[in-house]
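**Student:**
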Amino acid sequence: MTKVAIFGVGLIGGSLALCLKGKPGLRVAGHSNNPASVDKYLKRGVVDEATTSMEEAARDADFIFLCVPVGCLEDYLQKLNGMRLKPGCIISDVGSTKRTVMDAAKSLHWENVHFIGGHPMAGKEQSGVEAATSHLFENAFYVLTPDESTPALEVERLEQLLAHTRAHIVKMAPAQHDDIVGAVSHLPHVIAVALVNQVADYNEENDLYERLAAGGFRDITRIASSDPIIWRDILLNNRSVVLRLLEDWKERMDGFIDMLNKEDGAGIESEFMKAGSFRNALPERRKGVIHSTFDVYVDVPDHPGVVGEIAGQLGSRQINLSNIQIMESRLDVPGVMRLSFREEEQLDRAVEVLKELGYSLHF
Ligand SMILES: NC(=O)C1=CN([C@@H]2O[C@H](COP(=O)(O)OP(=O)(O)OC[C@H]3O[C@@H](n4cnc5c(N)ncnc54)[C@H](O)[C@@H]3O)[C@@H](O)[C@H]2O)C=CC1
Ligand SMILES: O=C(O)C(=O)Cc1ccc(O)cc1
Numbered sequence: 001m002t003k004v005a006i007f008g009v010g011l012i013g014g015s016l017a018l019c020l021k022g023k024p025g026l027r028v029a030g031h032s033n034n035p036a037s038v039d040k041y042l043k044r045g046v047v048d049e050a051t052t053s054m055e056e057a058a059r060d061a062d063f064i065f066l067c068v069p070v071g072c073l074e075d076y077l078q079k080l081n082g083m084r085l086k087p088g089c090i091i092s093d094v095g096s097t098k099r100t101v102m103d104a105a106k107s108l109h110w111e112n113v114h115f116i117g118g119h120p121m122a123g124k125e126q127s128g129v130e131a132a133t134s135h136l137f138e139n140a141f142y143v144l145t146p147d148e149s150t151p152a153l154e155v156e157r158l159e160q161l162l163a164h165t166r167a168h169i170v171k172m173a174p175a176q177h178d179d180i181v182g183a184v185s186h187l188p189h190v191i192a193v194a195l196v197n198q199v200a201d202y203n204e205e206n207d208l209y210e211r212l213a214a215g216g217f218r219d220i221t222r223i224a225s226s227d228p229i230i231w232r233d234i235l236l237n238n239r240s241v242v243l244r245l246l247e248d249w250k251e252r253m254d255g256f257i258d259m260l261n262k263e264d265g266a267g268i269e270s271e272f273m274k275a276g277s278f279r280n281a282l283p284e285r286r287k288g289v290i291h292s293t294f295d296v297y298v299d300v301p302d303h304p305g306v307v308g309e310i311a312g313q314l315g316s317r318q319i320n321l322s323n324i325q326i327m328e329s330r331l332d333v334p335g336v337m338r339l340s341f342r343e344e345e346q347l348d349r350a351v352e353v354l355k356e357l358g359y360s361l362h363f
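So in UniProt numbering, spot 141 of the sequence shown is number 141, and the numbers just go up one at a time.
#1: How many Å lie between residue 170 and residue 157 at the Cα?
#2: Whose CA, out of 308, 310, 300 and 347, lies closest to the CA of residue 335?
#3: Is any heavy atom in ligand 2 found nearer than 7 Å to the beta carbon of residue 92?
#4: Assuming contact is defined by CB atoms lying nearer than 8 Å, are residue 48 and residue 21 in contact in what I supplied?
#5: Could you give the distance in angstroms between the alpha-carbon of residue 86 and the alpha-carbon of residue 14?
#6: Closest to residue 341 by C-alpha separation, out of 350, 166, 356 and 294, would be which residue?
#7: Would you mind stating whether residue 193 and residue 224 have Cβ atoms separated by less than 8 Å?
#8: I'd like to know whether the C-beta atoms of residue 147 and residue 102 end up nearer to each other than 8 Å.
#9: What does a CB cutoff of less than 8 Å around residue 191 pick up in its chain, not counting 5 residues either side in sequence?
#10: Is DSSP giving residue 325 helix, strand or coil here?
#11: Would residue 278 be called buried (16 or more neighbouring beta carbons within 10 Å of its own) or exposed?
#12: Suppose you measure from the CA of residue 198 to the CA of residue 107; what does that come to, to the nearest Å?
#13: Let me know the secondary structure DSSP gives residue 103 once reduced to three states.
#14: Which class does residue 53 belong to by DSSP, given the choice of helix, strand or coil?
#15: Measuring alpha carbon to alpha carbon, tell me which of 275, 200 and 216 ends up nearest residue 210.
#16: Please state the DSSP three-state secondary structure of residue 76.
#17: Is residue 223 near ligand 2, going by C-beta to nearest heavy atom under 7 Å?
#18: Which residues does DSSP list as the beta-bridge partners of residue 35?
#19: Hey, would you say residue 7 sits closer than 8 Å to residue 66, going by beta carbons?
#20: Does the distance between the C-beta of residue 121 and the nearest non-hydrogen atom of ligand 2 fall short of 7 Å?
#21: Using 10 angstroms around the beta-carbon of residue 24, count the other beta-carbons present and answer buried if the total reaches 16, otherwise exposed.
#22: In the stretch 137 to 208, which residue ranges form an unbroken alpha helix (DSSP H) of at least 4 residues, counting only runs that do not cross its ends?
#23: Could you give the distance in angstroms between the alpha-carbon of residue 321 and the alpha-carbon of residue 2?
#24: Please go through the same chain and pick out, in chain order, the residues whose beta-carbon is closer than 7 Å to the beta-carbon of residue 314, but skip the five residues on each side of it.
#25: Taking DSSP as the reference, what is the three-state secondary structure of residue 85?
#26: Residues in the same chain with beta-carbon distance under 6 Å from residue 268, minus the five sequence neighbours each way, listed in chain order, please.
#27: At which residues does the beta strand (DSSP E) containing residue 294 begin and terminate?
#28: Given this structure, state the Cα-to-Cα distance separating residue 182 from residue 75, to the nearest angstrom.
#29: Looking at the secondary structure, which residues open and close the beta strand (DSSP E) in which residue 63 lies?
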């Protein structure tokens, strides 16, 4: 049996556990400092075993994943470094920044243990094991930042395990990762939070702001609801990159101020045209590279008739399903069903029907 130990079974650790648990030859152990969390992991059936003891979780583990806030990673590495780990053990993490954790791992001496940094580039604004799902990483990029000294065979072992996530593995240097992810993820989170708080302050005087903020404002600020501790740690950790990006951002805002002052309509138009053509060309995650289908995930209550009901409702409207897969179905966990369609138009119609029927959908 291959033992996988997961430290911090929250949104990401829990989702990873759900990808791996029940796969042939794999056993998943969870760790939390908090006894109540350990009970919760077991009760939800996310892991095979759980403990508050780091030693017990790490003992005999073939793989260890650190899925705790970025600010805790160095401390966890130091603790693991002081333990007797299984020879050949691979330690990885899922932190949203890669430079400091790679430096921390490199500064320690490991005896036949390999650290390979990782970052699944998928997530959501919710946190905790309650929000974990087995399909979170599907079709997403999963960055690995192996050091030059890490034997290729060990990186392959990790990649083989991560194949269960159905994510696309990409390898890059830690500093490059932090620069790019700073721009496409960390900066947008800061902007979303600042924007929401700006409107929240206006709303103190007049609650019409809140009432009219239903449409686009909600969409572009979804990530402002992300977990404060997780994001405090990410931003402090990648602060030099984020500070540089915010300086650029300030310049861009000055550019808009300038165009408005000068009533430069052509300038504004050209900014929207440039943004539109870049954004419209961005790859859509739901059109997976591996699968030539259009998929939607439906949260379904655990009752036997639900597959029939959904298939029946879609069939009666001549919406052609190409596949149905139940991804999690246990007594105590609500199920997730993947519906696949060969054509985007069929998917769009199905989404409309399922929303009308009150199902909660994910892409
Ligand atoms: N939220 C997201 O969308 C993504 C997060 N990440 C990274 O994954 C890691 C885990 O994040 P999530 O699963 O989202 O968070 P979460 O809050 O859902 O889970 C964090 C886990 O760490 C444990 N933990 C241990 N020590 C802690 C401490 N001192 N303070 C708070 N929690 C502590 C918590 O009990 C919990 O099990 C972070 O390093 C984050 O940067 C990576 C990709 C996406
Ligand atoms: O909710 C979203 O869209 C995200 O941006 C999720 C996310 C959060 C943190 C990461 O390191 C990677 C992805």
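Glycine included, C-beta positions come from ideal geometry on N, C-alpha and C.
This one's a predicted model, so the numbers in the text were calculated from it and none came from an experiment.
**Tutor:** In short, the structure shows the following:
#1: Taking the first residue of the sequence shown as position 1, residue 170 is located at position 170. Taking the first residue of the sequence shown as position 1, residue 157 is located at position 157. Near 15 Å, if we compare the C-alpha coordinates of residue 157 and residue 170.
#2: Locating residue 335 in the sequence shown gives position 335, where the first residue counts as 1. For the residues 308, 310, 300 and 347, the minimum Cα distance to residue 335 belongs to 300.
#3: If you number the sequence shown from 1, residue 92 lands on position 92. No, ligand 2 has no heavy atom inside 7 Å of this Cβ.
#4: Locating residue 48 in the sequence shown gives position 48, counting from the first residue. Locating residue 21 in the sequence shown gives position 21, counting from the first residue. The Cβ atoms of residue 48 and residue 21 lie closer than 8 Å to each other.
#5: As a working mapping, residue 86 is identified with position 86 in the sequence shown. As a working mapping, residue 14 is identified with position 14 in the sequence shown. So the two alpha carbons sit approximately 23 Å from each other.
#6: Here the question's residue 341 lines up with position 341 in the sequence shown. Of the listed residues, the one whose Cα sits closest to residue 341 is 294.
#7: Residue 193 sits at position 193 when you count from the first residue of the sequence shown. Residue 224 sits at position 224 when you count from the first residue of the sequence shown. Yes, Cβ-Cβ distance for residue 193 and residue 224 is below 8 Å.
#8: For the purposes of this step, residue 147 is taken as the residue at position 147 of the sequence shown. For the purposes of this step, residue 102 is taken as the residue at position 102 of the sequence shown. Taking 8 Å as the Cβ cut-off, residue 147 and residue 102 qualify as a contacting pair.
#9: On the sequence shown, residue 191 is found 191 positions in, with the first residue counted as 1. Closer than 8 Å at the Cβ level, and outside the excluded window around residue 191, lie 249.
#10: For the purposes of this step, residue 325 is taken as the residue at position 325 of the sequence shown. Strand at residue 325.
#11: Locating residue 278 in the sequence shown gives position 278, where the first residue counts as 1. Exposed.
#12: Position 198 of the sequence shown, counting from 1, holds the residue named residue 198. Position 107 of the sequence shown, counting from 1, holds the residue named residue 107. Near 42 Å, if we compare the C-alpha coordinates of residue 107 and residue 198.
#13: What you label residue 103 is simply residue 103 of the sequence shown in a count that begins at 1. Looking at residue 103 - three-state DSSP - the assignment turns out to be helix.
#14: By 1-based counting over the sequence shown, the position of residue 53 is 53. Looking at residue 53 - three-state DSSP - the assignment turns out to be coil, as it is neither helix nor strand.
#15: Stepping through the sequence shown from its first residue, residue 210 is reached at position 210. When only C-alpha atoms are compared, the closest one is 200.
#16: Stepping through the sequence shown from its first residue, residue 76 is reached at position 76. In this structure, residue 76 counts as helix in the three-state DSSP scheme.
#17: Residue 223 sits at position 223 when you count from the first residue of the sequence shown. Yes, since a heavy atom of ligand 2 falls inside the 7 Å radius drawn around the Cβ of residue 223.
#18: For the purposes of this step, residue 35 is identified with residue 35 of the sequence shown, where counting begins at 1. DSSP output for residue 35 lists no bridge partner at all.
#19: Mapped onto the sequence shown, residue 7 falls at position 7. Mapped onto the sequence shown, residue 66 falls at position 66. Going by C-beta atoms, residue 7 is nearer than 8 Å to residue 66.
#20: Counting from 1 along the sequence shown, the entry for residue 121 is found at position 121. Yes, since a heavy atom of ligand 2 falls inside the 7 Å radius drawn around the Cβ of residue 121.
#21: Residue mapping note: residue 24 aligns to position 24 of the sequence shown, counting from 1. Its Cβ having fewer than 16 others within 10 Å, residue 24 is exposed.
#22: 152 to 162, 174 to 181 and 187 to 205
#23: Residue 321 sits at position 321 when you count from the first residue of the sequence shown. Residue 2 sits at position 2 when you count from the first residue of the sequence shown. One C-alpha to the other measures close to 37 Å.
#24: Mapped onto the sequence shown, residue 314 falls at position 314. Same-chain partners within the cutoff: 321, 350 and 353.
#25: The residue labelled residue 85 in the question sits at position 85 within the sequence shown. Reduced to three states, the DSSP call for residue 85 is coil.
#26: Numbered from its first residue, the sequence shown carries residue 268 at position 268. 259, listed in sequence order.
#27: Here residue 294 is taken as the residue at index 294 of the sequence shown, counted from 1. First-last of the beta strand (DSSP E) with residue 294: 294 to 300.
#28: Position 182 of the sequence shown, counting from 1, holds the residue named residue 182. Position 75 of the sequence shown, counting from 1, holds the residue named residue 75. Roughly 23 Å between the two C-alpha positions.
#29: Residue numbering aside, residue 63 sits at position 63 when the sequence shown is read from its first letter. Run containing residue 63: 63 to 66, per the beta strand (DSSP E) assignment.
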